[in-house]
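Below is one structure, written out as structure tokens; comments come after it.
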Amino acid sequence: MTDQATDQAVGRVGRTGASKGSGRLFSGRQRELKTLLADVERAGLDTIAGRAAARARVLLIAGRPGSGRTALAVRLVEGLAERYPGGVLRTALTEPGGRAVPTEETARELLDALRVASPPGADGDELSQLLRESLAGRRVLLLLDDAADAEQVDALLPDDPGCLLVVVGSGPLTGIPGVRPCTVGGLDPKAAIELLTAFTGSVRITVDPQAAESVAEECGGQPAALVMVGGWLAARPQASVADAVRRLRALPEDEEVPQALWPVSRAFRLVHGSLPTGAARLLRLLALAPAGIVDPQTASALGACSPDEAHSALEGYVALGVLHRRGEGLYGVPGVLVPLMRALTEAHDKPGEVQLARARMLERAVRRLQSCRAATEPEGSPARTAVESLPRSLRFPDAPAAADWLRIHRPGLLAAARLAVGDGELDTLARRLVAALVRALAAHRGTDAAAPDLYGLHQLVLDVAERRGLHREAAAALLNLGDLDAETGRTEDALARYRAALDAGRAADDPYAISRAMESVGGAWQELDDWQRAADWYGRALARRQTRGERADEARLYGRLGTAHTYAGRYGEALRCWRASVAGYRRVGDLPAQARALSEAARVQEYAGRPEESLRTCREAVEWARQAGDVRLQAALRLRLADTLDRLGDPAAARLQRAGAERLLEAAEGAGDGPGPDGTGGPADTAEPGEAPGSPGGLDGDEGKKEGSTYEIRSGARRE
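Per our numbering, the very first residue in the sequence shown carries number 596; after that it's consecutive.
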């Protein structure tokens, strides 16, 4: 585990993301820094042999947690940053709680920092390859903190020899050739005393130099332990250095802690034991902070105190060396201290009290996420009205402030969702947290940009739903996952998800989920070019919509059936379906959809060798588009009409139609009209047969929301 604030979030390109105040932990490491800089300059074995280096160079800084290894790496990276114009990226490979971060999460964060889109649901191998391709031709410096093993590092190792990889870990990276290691041990007595003097001032050290040497010895030269003892002395100007020595020696060794961590453990217990009861309890509970990230709101919920009181406590912990600042309003829990905090929690706090603190923290996160999403809604909307009752500290002044908060806290929120689901005892809160996070991410980032995060969140919902037998939510999660699989070309996977969603929908007796799953199964078969099965499943979904009197969906499904029949060459069946679609849209009063369906009917008539009928139908579609007031749709249909006239041997009439379409588009642009649903302002005028509007997918709004459910079918794989 890292010995300073774990930076699970990747720093932006060109920044190290280092936590402030790392200079104290760096004290006394000038010799190691000089050695590392010399290793950077030294030619590699490939270069000496006259061969081009195959991969990026790797520097390893190895040491025990608490040795200041991360601070040394940060100082090295800061000194080298200007040599790497591609920027500096930093991430941690182990969370403070000890969880090794999977390759897919780390690679995705690095790609996000490089502003490279990553496909949702992709595995670690695929994302690692994409990361290597994205780093090709760049001179980038990567800092990988707290590596658990060589496999984690190798998966992220760039192929470009112009990159440099600085790895922080506890042991060797066996299996990675050409690694240059630098082992960090305890500070020598002189450097240790200098570090202690930075907290106490020179007078107390000069008065009793032998006691200062004893403190350095008791701390094993470990910077993390020295900083905590120094913080304890700084908070007590009247105490002597000898007092610290006596207190340290009076503390018994903790047999549950590895011997290498005894100095850090005793220093931490010294600080913890000197705190008031409330402050000591809050310090212990910080081990519950997801990904080791805490802010005053989180601390307030854990400690059941006000945000102002929590902020004061956090600042006090920073002064004592048991917490690190990670930016404005954010603090990091050192990974080396998390197991010590947990051990003290088990010894001092009842399990029920700890679970209550965790529940308060998750509830606070849910409310902030609800407020975050509400900030995107207009004034007076139900969502904005609902959050008005929340305390001011939980509300956001505007949408940009909410978006900035979500960006900064996103890693911690995702970690909170994982931990809440993994806990297994707070599933109701876990479901609410995931649902609120899904909505906030979709509102601020958009479903496409947030898709990688949403994929993982949908999987968490599925885990809880299957564990609790919540068939309706399982169906929703499976549909959402299937949609994302379909969007990224994993059609076979999507088909399996949709079939499972159908089973879950039937178990829940949820008519909407059943119909939606049937339609999506049909869409998957259509993607696989199995038109007969696609038509069969569309027909099943249509029958259910007809039974429930859902006319708009019925009209849309007739269009999907028409698409399948068109691809299969069954033009008579296709034309009947499109006419039924036109009639359905006419009944519900959707004029633009009626015009598009007529356009598709005209296309089928043309394929069937009935050009005159196609021409009449297309003109009718243009007229309905005109009545609907959809200028761009009208222009696109007139272009379609021009193509038909060309094929009928009437180029003059075709030119008139194209000229009219151009005038309509110019008028639309002058009026500031945006593009139509397909991005061009009209139907699929350049599409292949059957690419008609109305395809299965998730909901863009709240159509799939079910009473009593915390989760919705929201994403979509609309193949139009």
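C-beta: ideal position from N, C-alpha, C; glycine also. Values in this document were obtained by computation on a predicted structure and should not be read as measured data.
(message) Starting from Gly682, trace the beta strand (DSSP E) in both directions and tell me its first and last residue.
(response) Per DSSP, the continuous beta strand (DSSP E) segment holding Gly682 begins and ends at 682-687.
(request) Quick one: grab the DSSP three-state call for Thr778. (result) In the three-state DSSP reduction, Thr778 falls in the strand class (E or B).
(request) State buried or exposed for Gly562, treating a residue as buried only when at least 16 other CB atoms are found within 10 Å of its CB. (result) This structure does not reach residue 562, given that the chain is present from 596 up to 1315, and the question cannot be answered.
(message) Closest to Pro691 by C-alpha separation, out of Gly658, Leu883, Leu821, Arg727, would be which residue?
(response) With distances taken between Cα atoms, Pro691 lies closest to Leu883.
(request) Determine contact between the region 717-730 and the region 767-776, defined as no fewer than three beta-carbon pairs at a distance below 8 Å. (result) Flag = no, the region 717-730 and the region 767-776 do not touch.
(message) Threshold first: 3 residues or longer. Then list the beta strand (DSSP E) segments lying entirely within the region 833-872, N to C.
(response) Entirely contained in the region 833-872, not one beta strand (DSSP E) run reaches 3 residues.
(request) With distances taken Cα to Cα, identify the nearest neighbour of Gly924 among Ala862, His1004, Pro977. (result) Of the listed residues, the one whose Cα sits closest to Gly924 is His1004.
(message) Among Ala1095, Gly681, Thr1083, whose alpha-carbon lies nearest the alpha-carbon of His1066?
(response) With respect to the C-alpha of His1066, the residue from Ala1095, Gly681, Thr1083 having the closest C-alpha is Ala1095.
(request) List the whole-angstrom C-beta distance separating Arg831 from Leu846, where the pair is believed to meet the contact cut-off of C-beta under 8 Å. (result) Wrong, their Cβ atoms sit about 17 Å apart, outside the cutoff.
(message) Going by beta-carbon coordinates alone, are Pro715 and Tyr1050 separated by less than 8 Å?
(response) Contact: yes.
(message) What I want to know is whether the C-beta of Ala731 ends up closer than 7 Å to one or more non-hydrogen atoms of the ligand MN.
(response) Questions concerning the ligand MN fall outside what the structure shown contains, since it holds no ligand whatsoever.
(request) For the beta strand (DSSP E) holding Ala742, just list the boundary residues, first then last. (result) Run containing Ala742: 735-742, per the beta strand (DSSP E) assignment.
(request) Compute the Euclidean distance between the alpha carbons of Ala997 and Asp783, then round it to the nearest angstrom. (result) Cα to Cα, the separation comes out at about 48 Å.
(request) Over the uninterrupted alpha helix (DSSP H) stretch that includes Val762, give me the two end residues. (result) No alpha helix (DSSP H) holds Val762; the beta strand (DSSP E) holding it covers 759-764.
(message) To the nearest angstrom, how far is the alpha carbon of Glu746 from that of Pro853?
(response) Distance from the CA of Glu746 to the CA of Pro853, rounded to the nearest whole angstrom, comes to 25 Å.
(request) State the CB to CB distance for the pair Asp741 and Leu688, rounded to an integer number of angstroms; the pair is presumed to be in contact (CB under 8 Å). (result) Confirmed, about 6 Å.
(request) Within the same chain, show all residues whose beta-carbon is closer than 8 Å to that of Leu1024, passing over the 5 residues directly before and after it, in chain order. (result) For Leu1024, the CB contacts under 8 Å within the same chain, skipping 5 residues up- and downstream, are Ala954, Leu957, Glu958, Val961, Ala1015 in chain order.
(request) Find out if the Cβ-Cβ distance for the pair Leu985, Ser966 is shorter than 8 Å. (result) Yes, the pair counts as a contact, with Cβ atoms nearer than the cut-off.
(request) May I have the straight-line CA-CA distance separating Ala1188 from Arg1151, to the nearest angstrom? (result) So the alpha carbons of these two residues sit roughly 9 Å apart.
(message) Below 8 Å, how does it come out for the region 1138-1148 and the region 1170-1178: are there three or more Cβ pairs, yes or no?
(response) Judged by Cβ distances under 8 Å, the region 1138-1148 makes no contact with the region 1170-1178, as fewer than three pairs qualify.
(message) Looking at the strands, I want to know which residues DSSP matches up with Tyr926.
(response) DSSP output for Tyr926 lists Val889, Arg920 as bridge partner(s).
(message) Could you tell me the alpha carbon to alpha carbon distance between Ala1012 and Pro977, rounded to whole angstroms?
(response) For Ala1012 and Pro977, the distance between alpha carbons rounds to 26 Å.
(request) Work out the CA separation of Ser988 and Thr795 for me, nearest whole Å. (result) Each residue's alpha carbon lies about 37 Å from the other.
(message) Once DSSP output is grouped into helix, strand and coil, what is the label at Val655?
(response) Note that residue 655 corresponds to Leu in the displayed sequence, not to Val. In the structure shown, Leu655 falls within a strand segment according to DSSP collapsed to helix, strand and coil.
(message) Can you tell me whether Asp1148 is buried or exposed? The criterion is at least 16 other CB atoms within 10 Å of its CB, across all chains shown.
(response) Counting of Cβ neighbours within 10 angstroms places Asp1148 among the buried residues, the total reaching 16 or more.
(request) Identify which residue in Val635, Leu915, Arg921 has its Cα closest to the Cα of Asp890. (result) For the options Val635, Leu915, Arg921, the alpha carbon positioned closest to that of Asp890 is the one of Arg921.
(request) Have a look at Met1113, Leu751, Val798 and flag the residue whose alpha-carbon is nearest the alpha-carbon of Arg650. (result) Of Met1113, Leu751, Val798, the residue nearest in Cα terms is Leu751.
(request) Classify Ala815 as buried or exposed, calling it buried when 16 or more other Cβ atoms lie within 10 Å of its own Cβ. (result) One detail in the question is off: residue 815 reads as Gly in this sequence, not Ala. Buried, because 16 or more other Cβ atoms sit within 10 Å of the Cβ of Gly815.
(request) From the DSSP output, in three-state form, read off Ala695 for me. (result) In the structure shown, Ala695 sits in a strand (DSSP, three-state: E or B).
(request) Note the first and the last residue of the continuous alpha helix (DSSP H) segment covering Tyr1153. (result) Going by DSSP, Tyr1153 is part of the alpha helix (DSSP H) stretching over 1146-1162.
(message) Below 8 Å, how does it come out for the region 861-881 and the region 929-948: are there three or more Cβ pairs, yes or no?
(response) With the rule of 3 Cβ pairs closer than 8 Å, the region 861-881 counts as touching the region 929-948.
(request) Following the continuous alpha helix (DSSP H) through Cys814, name the residue where it begins and the one where it ends. (result) No residue range can be given for Cys814, since it is assigned to no alpha helix (DSSP H) and is classified by DSSP as neither H nor E.
(message) Measuring straight from C-alpha to C-alpha, what distance separates Ala1089 and Thr1083?
(response) The alpha-carbon atoms of Ala1089 and Thr1083 are separated by roughly 10 Å.
(request) Rounded to whole angstroms, what's the CA-CA distance from Gly732 to Arg1211? Just pull it up for me. (result) Distance between the alpha carbons of Gly732 and Arg1211 is about 57 Å.
(request) Could you tell me which of Leu1001, Glu948, Asp944, Gln1252 sits nearest to Arg968, measuring between CA atoms? (result) Of Leu1001, Glu948, Asp944, Gln1252, the residue nearest in Cα terms is Leu1001.
(request) Quick one: grab the DSSP three-state call for Ala668. (result) Ala668 falls in the helix class under three-state DSSP.
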